Amino acid sequence: MGKIVLAAKVTHVPSLMLSEREGSPLKGMRDGAIKSLRELGRRAHERGVDTFVVFDTHWLSNFGYHINANARHKGSYTSHEAPHMIQNLGYDLPGDPILAEQIATEARKMSLNVLAHKVQTLGLEYGTIVPMHYMNADGRANVVSVASPLFTSVDESRTLGDAVRRAVEACDRKVALIASGSLSHRLWPNKNLGPEAWTTVASEFNRQVDLRVLELWQQRRYKEFVAMLPDYAVKCNGEGGMADTIMLFAALGWDAYAGEAEQLCDYFPSSGSGQVSVEFHVPA
Ligand SMILES: [Fe+2]
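Right under this line is the structure:
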């Protein structure tokens, strides 16, 4: 029987890559976050992960639930939303069509229509590419990317998360689940996009709620966290409606999850959003 062997909520901000460029004013500023992603990748490989399933809050869908079921993900990526930040980033990663199809099958059994696509021109988005760049640099493990639907409900995204867990069990895979998205996500308006945008959260309310969320996770108060998650996603400008977090917690058992939350880098602002990497430990 397959198993989830690693689960994490991670940052994917473009400033990670900017901070590695020689001469960048951000040089070195994201070292802690980069280290956190590399460490998660190291742990995943150490645990024999076959496939990363990435809940991607940059693959936004207006029309329902989608999974990239390609056997190979290969391309050169320039971000449409931030072409000055991510340009010509090459990726070449194996996919996992069997697991992708199984997720869609399990979701349909629970009356959620999910489409698993094998379309070679369907590329990956940077919510998947950036974490994989650091966590799966040598392309050793397969990658399945899951879109974040914009017009849906918490209940439907929970069903998708449940389907992922069932599919992992059915497919005899060791899987790492990656919720790729920010905590709060109000970005600074254009006129405030100066250097301070990299170092400040755009809303003190959001910053305070993010810090409270990290505290709840540290104290394993997940029952309270998932109870506030629908409001948190709306009131703190959730990236992709925080679909990544909803799907991750659903796959882990929602309010029945009781594992340790291990924060792997300091909470940090990026363009006004709140960012972090946290592993949610699952029983070995
Ligand atoms: Fe993002």
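Sequential numbering of the sequence shown, starting at -12, is according to the numbering used here. Glycine residues also receive a C-beta, built at the ideal position from the N, C-alpha and C atoms. Just so it is clear, the structure is predicted and the values come from calculations on it, not from any experiment.
What would DSSP say about residue i, mapped onto helix, strand or coil?
i	result
G110	coil
K105	coil
Y121	helix
F236	helix
G261	strand
E191	helix
A248	strand
V40	strand
E266	strand
If we count the other Cβ atoms within 10 Å of its Cβ and call it buried at 16 or more, is residue i buried or exposed?
i	result
L235	buried
G335	Only positions -12 to 271 of the chain appear in this structure, which leaves residue 335 out of reach.
P182	exposed
G10	exposed
E68	exposed
A214	exposed
Alpha carbon to alpha carbon, how far is residue j from residue i? Give it in angstroms, no decimals.
i	j	result
Q89	E247	29 Å
Q205	R17	23 Å
H71	P1	10 Å
R207	Y244	9 Å
P256	S171	10 Å
K61	S6	25 Å
N129	G77	16 Å
P81	V196	38 Å
F138	S48	8 Å
Just checking residue i against ligand 1 - is the residue's beta carbon closer than 7 Å to any of the ligand's heavy atoms?
i	result
H(-1)	yes
S169	yes
T108	no
G114	yes
H45	yes
E226	yes
Checklist entry - Counting Cβ pairs, one atom from each stretch, are 3 or more of them under 8 Å apart for the stretch 102 to 116 and the stretch 39 to 50? => result The stretch 102 to 116 vs the stretch 39 to 50: in contact.
Checklist entry - Do three or more CB pairs link the stretch 172 to 180 to the stretch 14 to 32 at distances below 8 Å? => result Short answer: they don't touch.
Item to check | contact_flag[the stretch 29 to 42, the stretch 207 to 216] where n(CB pairs < 8 Å) is 3 or more | outcome: These segments do not touch.
Next on the checklist: Tell me whether the stretch 140 to 147 and the stretch 21 to 34 touch, counting them as touching only if at least three CB pairs, one residue from each stretch, are closer than 8 Å.
Outcome noted: With a cut-off of 8 Å, the stretch 21 to 34 and the stretch 140 to 147 do not count as touching, because too few Cβ pairs lie within range.
Item to check | Any 3 or more C-beta pairs closer than 8 Å across the stretch 96 to 108 and the stretch 146 to 166 | outcome: In short, these stretches touch, since the Cβ pair count reaches three.
Checklist entry - Can you find at least 3 beta carbon pairs, one from the stretch 103 to 110 and one from the stretch 52 to 60, that sit closer than 8 Å? => result Yes, the stretch 103 to 110 is in contact with the stretch 52 to 60.
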